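Here is the structure we will look at.
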């Protein structure tokens, strides 16, 4: 995927993100009216998602538009590269946590973080594979995907973001039930 195609793809990421936020709001309201818990959220978490979504998408789009991913002075990945991986995975983890996949798997509530972790690790790994292929094909002349940069992106995008997103979800939703 060339740089221009990649940039166009990032520009449209707001559609599925806003659709998921809307889906959570609709399923929350529908479940409240019918007495069925489709997703495990509350009004505070919906507000959190509504605030988090535009913030993360703005960071992603600005980073892509102004090429903040790369530090030309050091000729290395820029500092914003870390934050884009953390924030995008934080948003994705926050959108996945309310589905409470552990209920469908018959697991105890204490394992609710594992499906979020698994999905974020898979998406981080796939994204890094895509970046590596993009660099190896010579599609991105100005960017070299260092192995340690990939490892850092996977750790921040998969591990750190899953811990942060499930912790925030637990604080806003689970602890408010008690």
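In our numbering, the protein residues as written are 1 to 178. Beta carbons: idealized from backbone N, C-alpha and C, even for Gly. Being a predicted model, the structure only gives us computed values, none of them experimental.
Selection from the options that minimises the alpha carbon distance to residue i
i, options, result
"residue 92", "176, 21, 150", "21"
"residue 12", "39, 64, 28", "64"
"residue 109", "173, 68, 42", "173"
"residue 88", "23, 126, 120, 45", "120"
"residue 125", "112, 147, 111, 105", "147"
"residue 150", "15, 73, 77", "77"
"residue 54", "19, 135, 107", "19"
"residue 112", "163, 155, 176", "163"
"residue 177", "30, 67, 43, 29", "43"
"residue 153", "67, 75, 122", "122"
"residue 158", "134, 45, 28, 117", "117"
Pair within 7 angstroms by beta-carbon distance, residue i and residue j
i, j, result
"residue 17", "residue 90", "no"
"residue 99", "residue 41", "no"
"residue 101", "residue 115", "yes"
Which of helix, strand or coil DSSP assigns to residue i
i, result
"residue 153", "helix"
"residue 77", "strand"
"residue 83", "helix"
"residue 47", "helix"
"residue 172", "helix"
"residue 19", "helix"
"residue 111", "helix"
"residue 37", "coil"
"residue 100", "coil"
"residue 127", "helix"
"residue 61", "helix"
"residue 12", "coil"
"residue 93", "helix"
"residue 106", "coil"
Those residues which DSSP pairs with residue i across a bridge
i, result
"residue 70", "77"
contact_flag[the segment 125-139, the segment 53-60] where n(CB pairs < 8 angstroms) is 3 or more: no
Inter-stretch contact (C-beta, 8 angstroms, three-pair minimum) for the segment 72-85 and the segment 29-47: no
Segment contact flag, the segment 152-172 with the segment 94-101, C-beta cutoff 8 angstroms, min 3 pairs: yes
Inter-stretch contact at 8 angstroms, needing at least 3 Cβ pairs: the segment 22-30 / the segment 41-54: yes
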